[in-house]
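Note sheet for the following structure.
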């Protein structure tokens, strides 16, 4: 019997909710249309991978992002799709601009790993599991090597924010540090490379007449004039008076200009790098935890003990909440809105 693969994502799913783990990794179900955050992260990583491998070719990196958005799912409106694609393209292009004077010396990029999962007490390899994942990169920093970890996030990047504090105990980068050493890279820490997603949004743009003047209509749909004497059109709306300023959604080029201007004004809001230390004690603790998790997953699978964790944190954003709340029983047949994967770790390629 071939060994199964234990990844950080799989462990997180199991720790959050055993039922979610069963849907995802036992049945292999995934949403037919990826959530927006996953799409943006995947496309962004593709662009950054090309940027690293091409020596900083921003045009090639943006083209890689565009390819990721070449086919729009029918469920997503065209305007939303185009704005999302342009947002990721802008972030990748702006990333290249932000760090152009501080380029990273890339040793490897997007390196998948499949390494033995060892019993920390005996050193013996598991007969049932590999430890796997994908390292965003390895970089050379003077005489040292660091694991490179990219993230597209919505969190606050203030130096005193909880986000940075969580990294102190984040097992994902501990696993990647351990794996990088197993792959022959003598890494001494992790360089966290963060890209913050914008909080600004495309705005409405006033419609203009042939003379370049804004169009304001009254409740009867008639053009509002400031004065019957001068016959000048009003240029502002007034909800109380029933005056409406006609607008249209900002187009893709206008959104691109708005976003890039905002990034240029405050680059540190969007991009941050910080080194996070990883000690041998951190790796030893991670190995003990991972060993216990694989035992728990094996036991849950053997006993079909995939009970649900039901609370606001586990259910609110779970793609399987509708299945659980509808008491759906999976019988192996296709389910509306979901696809069944043969490879439950598509992120590893």
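In our numbering, the protein residues as written are 304 to 652. Ideal placement from N, C-alpha and C gives every residue a C-beta, glycine not left out. Quantities reported herein were computed from a predicted structural model and do not represent experimental measurements.
Using the rule of at least 16 other Cβ atoms within 10 Å of the residue's Cβ for burial, across every protein chain shown, is residue i buried or exposed?
i: residue 406; result: exposed
i: residue 505; result: buried
i: residue 390; result: buried
i: residue 307; result: buried
i: residue 328; result: buried
i: residue 630; result: exposed
i: residue 538; result: exposed
i: residue 320; result: buried
i: residue 610; result: exposed
i: residue 434; result: buried
i: residue 367; result: buried
i: residue 449; result: buried
Contact defined as beta carbons within less than 8 Å: I believe residue i pairs with residue j. What is the distance between those atoms, to the nearest angstrom?
i: residue 316; j: residue 364; result: Not confirmed; about 30 Å, so no contact.
i: residue 297; j: residue 486; result: With the chain represented from 304 up to 652, any question about residue 297 goes unanswered, as that position is not in the structure.
i: residue 460; j: residue 497; result: 6 Å
i: residue 385; j: residue 347; result: With a Cβ gap of about 16 Å, residue 385 and residue 347 do not count as contacting.
i: residue 416; j: residue 436; result: 6 Å
i: residue 442; j: residue 410; result: 6 Å
i: residue 495; j: residue 579; result: 5 Å
From what residue to what residue does the alpha helix (DSSP H) around residue i run?
i: residue 557; result: 555-568
i: residue 347; result: 339-356
i: residue 638; result: Where residue 638 is concerned, there is no enclosing alpha helix (DSSP H), given that its DSSP letter is neither H nor E.
i: residue 453; result: Per DSSP, residue 453 belongs to no alpha helix (DSSP H); it is in the beta strand (DSSP E), 447-456.
i: residue 492; result: First-last for residue 492: 490-499, but that is the beta strand (DSSP E), not the alpha helix (DSSP H).
i: residue 300; result: With the chain covering 304 to 652 only, the question about residue 300 has no answer from this structure.
i: residue 313; result: 311-319
i: residue 651; result: No alpha helix (DSSP H) contains residue 651, which DSSP labels as neither H nor E.
With DSSP collapsed to three states, give me the class of residue i.
i: residue 417; result: strand
i: residue 571; result: helix
i: residue 477; result: helix
i: residue 536; result: strand
i: residue 390; result: helix
i: residue 552; result: strand
i: residue 407; result: coil
i: residue 526; result: strand
i: residue 626; result: helix
i: residue 307; result: strand
Following the continuous beta strand (DSSP E) through residue i, name the residue where it begins and the one where it ends.
i: residue 575; result: 574-580
i: residue 509; result: 507-509
i: residue 379; result: Where residue 379 is concerned, there is no enclosing beta strand (DSSP E), given that its DSSP letter is neither H nor E.
i: residue 597; result: Taken as a continuous stretch (DSSP letters only), residue 597 belongs to no beta strand (DSSP E), being part of the alpha helix (DSSP H) at 583-606.
i: residue 466; result: It is not in any beta strand (DSSP E) - residue 466 instead sits in the alpha helix (DSSP H) that spans 465-470.
i: residue 362; result: Not the beta strand (DSSP E): residue 362 falls in the alpha helix (DSSP H), residues 361-371.
i: residue 443; result: 428-444
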